[in-house]
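Enquirer: Input: one structure, supplied below.
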C-alpha cells in the first residue's frame, strides 16, 4: 500500500485545481464562494454500505456519488469535495481514490483535499459543497425540506427499489441536473434525496414542512431491479439507497411542470401533503390507513 | 446505543444555529460566506490516534481540536463544522459527540451537520471551514505554506514533544488566536501547524515555498511533557501531534514581531529558510549536516 505522502503526491498529479482555487497540499483548501453555500458529509463503511469483495473503483464511486446526491437534494451545483480515507492494507487505495475522482469529475466537482489513515476497516467520508445556480425562472436558490405546504404533490424523479439487492447502489447516479432544474422552478417548494426508502423519507420531508403525508403505493414507480416474483410495492416503498429525488410541488402547477420537464425519465406523482401530522397510505379500497412500512434502516 | 435518528435529535436540541444559517436536519447545511473560505477534513481512528480505553469525551475533543488546528494553520476564524461518526456499540456515542461539541463551542465553531453509522472500529472525521479575519495591519488573508522566502526565520508558537506519550494529544489546543494574529501581520509569509514533528513538517513548509531549511536543534523549545531522562532534542524534533504553529517570518521584522506578540508563551526562532533544497541541521560544532531525523509517522 502507498503511504500517505505517496498517495497525496499521486492525487496531486492527477487533479487540476480550478482557476483561483488552492487544492490539495496545504493545511486547508481555499476557494472564493459566489454566494450561499451548502455542504454535506457522507460516510460509507465496509460490511454496511459495501462488501469486502466489491470492486474498489465502484466503492469509491459510491462514496462520491452518495455525497453528491446530497447536493442534488438542495438543487446545488458542486463546487468542491474533500475525502477522508481510512484504508486497511488489503484494499487498493489507489483504485478507491480513482473511483472517487472519476465520479467527482463526471459531475464537474474538483477534489480539493483529503486525509488518509490506516485502520482495520475501510471507511470513506466524502464532504462536498455547492452553490445555487442561476435559472431562467428566478433568483438562484437552494431547496430545503421545509418549504412545502399542505396540498402539495409529492413527486419522484425515477423508479424505486432493488438498489441494494441488484448492486445498483454502487453505481449511484446523483440527480444533480434534475435537482438544479427543480430548484430553478418556482412550483417546487421542497426537495430531498431518497436514501432510506420513500416510506421512510417522505414523512421526513412532510414533518420538516410541518405537514403529514399520504402516499399512494399503487402509483409508486417500481424499478426494473425489483424481482417480478417479490412484493414489488414494499420494495419500491422501503428499499434503501435509491438516490432519486423527492419534491413537493404546488398542485396547480403540476401540469406545467410535467410539460416543461426536460429529462427522459418522467416525474411521477406518488402522494401529497396534508395538514394532519403523520404518514398514511391509501389502500386498495381507497381507505386511508396509517403507513404500514417503516422505511429502510442500515444495520451491520 | 442511540440510533441515528435519536442521536440527530439529541444533537439538534443541543446546538443553536447562527443567524441566517441552516444547520443539522436537512440534506445539507447552508451558510452565506463572507469571503474566501478555507476547509479541511481530518480523521482520527481507534488504535492509531487514540486507544479503546480513552475517555470518549477526550477522544471527541481531540477529533475536533485536530481539525480546528488546520484552520489555525491558515490563520482562519472557524465558521462551521460537520462530523462523520462511525461508532461501534461499545463506544458511548453521546459522550463522543459531547466532547466534539464542547471543543467546537470553546472556539466559537457551530456544528452544522453530520452523519453517523455503525462499524467495527471508531472513526471520527471532522470537517471544518473558516474565513480570514480583518486585522489592524492590513487586508484579511489566509496564510499558505508557500509564501516564504530564503532568509525567512522559522518560528514556533510553543514547546514541542511528548504529546503522545503524556496524553496531551487528547487535549489539543488549536492555536486559532495565534494563527489569526500571525495572518494579520505582514511580516509573516507562511504558516502551518505541526502534527508530524518539526523535523517532518519544517521541510514541507520549505519545499512548498521552493526553499530548503536549516534547523537549530539546540534552539527548539522542549515541552515539559518530554521526560528529563530521554533524548529531549529528538523528542522535540520528531514527536507527533504538537499542534503548535510554525511560521516563516521576514528576518528584519523579527524584533518588531516579538515585541508585538500578545500571547503569554513566547514565539521561538528554531531555524531559517535557504535557497538550496533539502533539510539540514547545525550540529554542536556549528557544521551543517543533513537532517538526521525523519519526523513522525503514524502507524498502526
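Residue numbers (my numbering), protein chains in the order written: chain A, 20 to 319; chain B, 20 to 319. We treat Cβ as the ideally placed atom computed from N, Cα and C, and that holds for glycine.
1. Assuming residue 89 of chain A contacts residue 152 of chain A (C-beta within less than 8 angstroms), just tell me the rounded distance between them.
2. Specify the secondary structure class of residue 158 of chain A as computed by DSSP and reduced to three states.
3. Are residue 258 of chain B and residue 216 of chain B closer than 7 angstroms when you measure CB to CB?
4. Check residue 31 of chain B in the structure and name its three-state DSSP category.
5. Nearest by alpha-carbon distance to residue 139 of chain A: which of B:282, B:105, B:97 and B:281 is it?
6. Tell me whether the beta-carbon of residue 213 of chain B lies closer than 7 angstroms to the beta-carbon of residue 261 of chain B.
7. Within the same chain, show all residues whose beta-carbon is closer than 6 angstroms to that of residue 129 of chain B, passing over the 5 residues directly before and after it, in chain order.
8. How would you call residue 135 of chain B, buried or exposed, if buried means at least 16 neighbouring beta carbons within 10 angstroms?
9. In whole angstroms, give me the CA-to-CA distance for residue 208 of chain B and residue 59 of chain B.
10. Quick check on residue 259 of chain A - is its C-beta less than 7 angstroms from some C-beta in chain B?
11. For residue 47 of chain B, which of helix, strand or coil comes out of DSSP?
12. Starting from residue 67 of chain B, find everything on chain A with Cβ-Cβ shorter than 7 angstroms and list it in chain order.
13. Where are the beta strand (DSSP E) runs, 3 residues long or more, that stay fully inside the stretch 148-220 of chain B, in chain order?
14. State the start and end residues of the unbroken alpha helix (DSSP H) segment that holds residue 78 of chain B.
15. Please report how far the alpha carbon of residue 245 of chain B lies from the alpha carbon of residue 181 of chain A, in whole angstroms.
16. Verify the CB distance criterion: does residue 43 of chain A have a CB-CB separation below 7 angstroms to chain B?
17. Can you give me, in chain order, the residues of the stretch 159-171 of chain B that have a beta carbon less than 8 angstroms from any beta carbon in chain A?
18. With residue 54 of chain A and residue 150 of chain A assumed to form a contact (beta carbons below 8 angstroms), what rounded beta-carbon distance in angstroms separates them?
19. Measure the Cβ-Cβ separation of residue 141 of chain B and residue 110 of chain B and say whether it is below 7 angstroms.
20. Does DSSP classify residue 248 of chain B as helix, strand or coil?
21. By Cβ distance below 7 angstroms, which residues in the same chain neighbour residue 4 of chain B in space, the five residues on each side in sequence not counted?
22. Where does residue 239 of chain A fall in DSSP's three states?
23. Looking at chain A, is there any beta carbon in it that lies within less than 7 angstroms of the beta carbon of residue 35 of chain B?
24. Taking all protein chains shown into account, do 16 or more other C-beta atoms lie within 10 angstroms of the C-beta of residue 211 of chain A, making it buried, or fewer, making it exposed?
25. Can you find a C-beta in chain A that's less than 7 angstroms from the C-beta of residue 49 of chain B?
26. Is the beta carbon of residue 239 of chain A less than 7 angstroms from the beta carbon of residue 171 of chain A?
27. On the three-state DSSP scale, how would you describe residue 283 of chain B?
28. So which residues on chain A does residue 57 of chain B lean against when the C-beta distance must stay under 9 angstroms?
29. By the 10 Å Cβ neighbour count, where 16 or more other Cβ atoms means buried, how is residue 310 of chain A classified, buried or exposed?
30. Within the 7 angstroms Cβ cut-off, does residue 153 of chain A reach chain B?
31. Could you tell me whether the Cβ of residue 92 of chain A comes closer than 7 angstroms to any Cβ of chain B?
32. Give, in chain order, every unbroken run of the beta strand (DSSP E) that is at least 3 residues long and sits entirely within the stretch 93-119 of chain A.
33. Would you check whether the ligand FMN has a heavy atom nearer than 6 angstroms to the C-beta of residue 313 of chain B?
34. How about residue 79 of chain A and residue 119 of chain A: do their beta carbons lie closer than 7 angstroms?
35. Write down the C-beta distance between residue 133 of chain A and residue 103 of chain A rounded to the nearest angstrom, noting that I regard them as a contact closer than 8 angstroms.
36. Kindly indicate which residue of B:305, B:249 and B:264 has the alpha-carbon position closest to the one of residue 233 of chain B.
Expert: Let's see:
1. In the first chain, residue 89 of chain A corresponds to position 70, counting from 1. In the first chain, residue 152 of chain A corresponds to position 133, counting from 1. Contact doesn't hold; Cβ gap of about 16 angstroms is too wide.
2. For the purposes of this step, residue 158 of chain A is identified with residue 139 of the first chain, where counting begins at 1. Three-state DSSP puts residue 158 of chain A in coil, outside helix and strand.
3. Locating residue 258 of chain B in the second chain gives position 239, counting from the first residue. Locating residue 216 of chain B in the second chain gives position 197, counting from the first residue. In contact: residue 258 of chain B and residue 216 of chain B (Cβ atoms closer than 7 angstroms).
4. For the purposes of this step, residue 31 of chain B is identified with residue 12 of the second chain, where counting begins at 1. If DSSP states are grouped into helix, strand and coil, residue 31 of chain B belongs with the helices.
5. Here the question's residue 139 of chain A lines up with position 120 in the first chain. When only C-alpha atoms are compared, the closest one is B:105.
6. Locating residue 213 of chain B in the second chain gives position 194, where the first residue counts as 1. Locating residue 261 of chain B in the second chain gives position 242, where the first residue counts as 1. Yes, Cβ-Cβ distance for residue 213 of chain B and residue 261 of chain B is below 7 angstroms.
7. Position 110 of the second chain, counted from the first residue, corresponds to residue 129 of chain B. The residues are 37 and 99.
8. Sequence index remark: in the second chain, residue 135 of chain B carries index 116 (1-based). Burial call: buried.
9. To locate residue 208 of chain B, count along the second chain from 1; it is residue 189. To locate residue 59 of chain B, count along the second chain from 1; it is residue 40. In a straight line, the C-alpha of residue 208 of chain B is about 21 angstroms away from that of residue 59 of chain B.
10. Position 240 of the first chain, counted from the first residue, corresponds to residue 259 of chain A. No, residue 259 of chain A lies away from the interface with chain B (no Cβ there is under 7 angstroms from its Cβ).
11. Walking along the second chain from the start, residue 47 of chain B turns up at place 28. Three-state result, residue 47 of chain B: coil.
12. Position 48 of the second chain, counted from the start, is the residue given in the question as residue 67 of chain B. Within 7 angstroms Cβ-Cβ: 136, 137 and 138.
13. Positions of the beta strand (DSSP E) runs, each at least 3 residues long and wholly inside the stretch 148-220 of chain B, are given as 172-175 and 207-212 in order along the chain.
14. As a working note, residue 78 of chain B is residue 59 in the second chain. Residues 75-91.
15. Within the second chain, numbered from 1, the residue matching residue 245 of chain B stands at position 226. Within the first chain, numbered from 1, the residue matching residue 181 of chain A stands at position 162. Each residue's alpha carbon lies about 57 angstroms from the other.
16. Walking along the first chain from the start, residue 43 of chain A turns up at place 24. So no, residue 43 of chain A is outside the interface.
17. 161, 163, 164 and 165
18. Translated into positions along the first chain, residue 54 of chain A becomes position 35. Translated into positions along the first chain, residue 150 of chain A becomes position 131. Indeed they touch by this definition, with Cβ atoms about 6 angstroms apart.
19. Sequence index remark: in the second chain, residue 141 of chain B carries index 122 (1-based). Sequence index remark: in the second chain, residue 110 of chain B carries index 91 (1-based). The answer is yes: Cβ separation under 7 angstroms.
20. What you label residue 248 of chain B is simply residue 229 of the second chain in a count that begins at 1. Reduced to three states, the DSSP call for residue 248 of chain B is coil.
21. Nothing can be reported for residue 4 of chain B, as the shown portion of chain B is limited to 20 through 319.
22. Sequence index remark: in the first chain, residue 239 of chain A carries index 220 (1-based). Here residue 239 of chain A sits in coil by DSSP.
23. As a first step, residue 35 of chain B is located in the second chain; it is residue number 16 there, counting from the start. Chain A contact via Cβ: absent.
24. For the purposes of this step, residue 211 of chain A is taken as the residue at position 192 of the first chain. Buried, because 16 or more other Cβ atoms sit within 10 Å of the Cβ of residue 211 of chain A.
25. To locate residue 49 of chain B, count along the second chain from 1; it is residue 30. It does; some Cβ of chain A falls within 7 angstroms.
26. Locating residue 239 of chain A in the first chain gives position 220, where the first residue counts as 1. Locating residue 171 of chain A in the first chain gives position 152, where the first residue counts as 1. For residue 239 of chain A and residue 171 of chain A, no; Cβs fall outside 7 angstroms.
27. Here residue 283 of chain B refers to the residue found at position 264 of the second chain. Three-state result, residue 283 of chain B: coil.
28. Here residue 57 of chain B is taken as the residue at index 38 of the second chain, counted from 1. Residue 57 of chain B reaches chain A at 41, 45, 46, 47, 48, 49 and 50, counting residues in chain order whose Cβ is nearer than 9 angstroms.
29. Here residue 310 of chain A is taken as the residue at index 291 of the first chain, counted from 1. Buried: at least 16 other Cβ atoms inside 10 Å.
30. For the purposes of this step, residue 153 of chain A is taken as the residue at position 134 of the first chain. No, residue 153 of chain A lies away from the interface with chain B (no Cβ there is under 7 angstroms from its Cβ).
31. Taking the first residue of the first chain as position 1, residue 92 of chain A is located at position 73. Closer than 7 angstroms to some Cβ of chain B, the Cβ of residue 92 of chain A qualifies, so yes.
32. 95-105
33. Absence of the ligand FMN is noted for the structure shown, with no ligands found whatsoever.
34. As a working mapping, residue 79 of chain A is identified with position 60 in the first chain. As a working mapping, residue 119 of chain A is identified with position 100 in the first chain. In this structure, residue 119 of chain A lies closer than 7 angstroms to residue 79 of chain A by Cβ.
35. The residue given as residue 133 of chain A occupies position 114 in the first chain. The residue given as residue 103 of chain A occupies position 84 in the first chain. About 6 angstroms; that satisfies the 8 angstroms criterion.
36. Position 214 of the second chain, counted from the first residue, corresponds to residue 233 of chain B. Looking at B:305, B:249 and B:264, the one whose alpha-carbon comes closest to that of residue 233 of chain B is B:305.
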